[in-house]
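**Q** Residue numbers (our numbering): 267 to 508. Quick one: the structure is below, and I'll ask about it shortly.
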């Protein structure tokens with residue numbers, strides 16, 4: 267059994283090198299048997315929920331995901347702080363599952379939690395307030411009636427504001443995430459996988475005789491990093507570009 271986890275591609279334009287790298291990587295996954303692809307948030311640099319309206323540059327990568335689904339992979343999408351209301355487009359599509367905050371599932375006999383990770387720091391009240399507003403029912407109804415050109419402009423402003431309200435250094439954020447993971451291990455989880463920090467990291471430890479695994483997935487802007495789970499063994503890997 268093979269599962270791939272990645273996050274923080276922050277896709278914007280098909281002309282971007284990071285976008286092209288990810289497209290080639292998804293092509294490579296189609297050449298081998300893949301059981302599960304889980305995207306732990308911020309796959310898109312901006313996304314608002316309109317089934318009938320998708321930013322044109324996003325359609326090629328969505329088609330790649332559909333092709334992986336058609337080849338037998340299940341696609342899991344966790345919403346991040348840049349892409350939300352994903353359910354409006356992907357819900358109901360066979361082979362896709364959208365998670366608003368976190369996913370809990372059995373991964374080859376291991377109780378696993380996957381989340382974007384933007385909710386780990388409960389002290390960042392400015393960001394938490396913005397997140398609550400942007401995911402509110404009122405905002406959801408408003409954005410469904412906004413003309414497309416204005417909607418994409420608003421999305422870019424939201425993306426920029428989200429970055430400004432989350433200025434923590436990678437190391438500080440990863441420390442908080444590791445503490446979060448340790449709490450989950452004490453609750454009985456075996457694996458905790460988070461995005462958001464943009465720092466690739468894989469740590470394994472033993473707690474009460476059980477093997478535990480904590481990973482932060484890095485990104486596809488600098489690292490081209492991803493986590494692979496094959497037959498209960500985890501590896502943090504990097505996609506090499508030409």
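Every residue, glycine too, gets a C-beta built ideally from N, C-alpha and C. Remember, it's a predicted structure, so these values are computed and weren't measured experimentally.
With a threshold of 16 other CB atoms inside 10 Å of the CB of residue 354, please say whether the residue is buried or exposed.
**A** buried
**Q** Relative to the alpha-carbon of residue 375, which residue among 393, 454, 358 and 438 has its alpha-carbon at the smallest distance?
**A** 454
**Q** Can you find the residues in the same chain that come closer than 8 Å, C-beta to C-beta, to residue 431, ignoring five residues on each side of it along the sequence?
**A** Unreliable placement is indicated for residue 431, whose pLDDT of 49 sits below 50; the coordinate value is still reported in the next sentence. Cβ within range, chain order: 390, 392, 393 and 396.
**Q** Should residue 272 be labelled buried (16 or more other beta-carbon atoms within 10 Å of its own) or exposed?
**A** Buried, by the Cβ-count rule.
**Q** Going along the chain, which residues of its own chain have a beta-carbon closer than 6 Å to the beta-carbon of residue 285, five neighbours each way excluded?
**A** If you ignore the 5 residues before and after residue 285, its C-beta comes within less than 6 Å of the C-beta of 277, all in its own chain and listed in chain order.
**Q** Report the CB separation of residue 275 from residue 309 in whole angstroms; it is logged as a contact under 8 Å.
**A** 5 Å
**Q** Taking 9 Å as the threshold (C-beta atoms), are residue 303 and residue 486 in contact?
**A** no
**Q** With H, G and I counted as helix, E and B as strand and the rest as coil, what does DSSP make of residue 445?
**A** Looking at residue 445 - three-state DSSP - the assignment turns out to be helix.
**Q** Please name the residue, chosen from 279, 372, 384 and 349, that lies closest to residue 464 on a Cα-to-Cα basis.
**A** For residue 464, the closest C-alpha among the options 279, 372, 384 and 349 is that of 384.
**Q** Suppose contacts are defined by Cβ-Cβ distances below 9 Å. Is residue 358 in contact with residue 326 by that definition?
**A** no
**Q** Which one of 301, 502, 490 and 488 has the shortest CA to CA distance from residue 480?
**A** 502
**Q** Return the CA-CA distance between residue 350 and residue 475, expressed in angstroms with no decimal places.
**A** 38 Å
**Q** Quick check on residue 296: buried or exposed, where buried means 16 or more other Cβ atoms within 10 Å of its Cβ?
**A** It counts as exposed.
**Q** Taking the straight line between their C-alpha atoms, what separation do you get for residue 447 and residue 333?
**A** Approximately 33 Å between the Cα atoms of the pair.
**Q** So who's on the other strand from residue 462, going by DSSP bridges?
**A** Its beta-bridge partners do not exist; DSSP assigns none.
**Q** With DSSP as the reference, label residue 293 as helix, strand or coil.
**A** helix
**Q** Please classify residue 411 as buried or exposed, where buried requires at least 16 neighbouring CB atoms within 10 angstroms.
**A** exposed
**Q** Helix, strand or coil for residue 351, going by three-state DSSP, please let me know.
**A** In the three-state DSSP reduction, residue 351 falls in the coil class, being neither helix nor strand.
**Q** Relative to the C-alpha of residue 400, which candidate in 347, 386 and 365 has its C-alpha closest?
**A** 347
**Q** Look up residue 478 in the DSSP assignment and say whether it is helix, strand or coil.
**A** strand
**Q** Kindly indicate the opening and closing residues of the alpha helix (DSSP H) around residue 336.
**A** Looking at the DSSP string, the run of the alpha helix (DSSP H) that includes residue 336 is 325-336.
**Q** Could you check if residue 322 is buried or exposed, using at least 16 other CB atoms within 10 Å of its CB as the buried criterion?
**A** exposed
**Q** Going by CA-CA distance only, name the one from 291, 360, 470 and 298 that's closest to residue 268.
**A** Nearest in C-alpha terms to residue 268, of all of 291, 360, 470 and 298, is 298.
**Q** Near residue 366, what residues of its chain come up, given a Cβ to Cβ distance below 7 Å and the 5 sequence neighbours on each side ignored?
**A** 345
**Q** Taking only the alpha-carbon atoms, compute the straight-line gap between residue 451 and residue 379 and give it to the nearest angstrom.
**A** 10 Å
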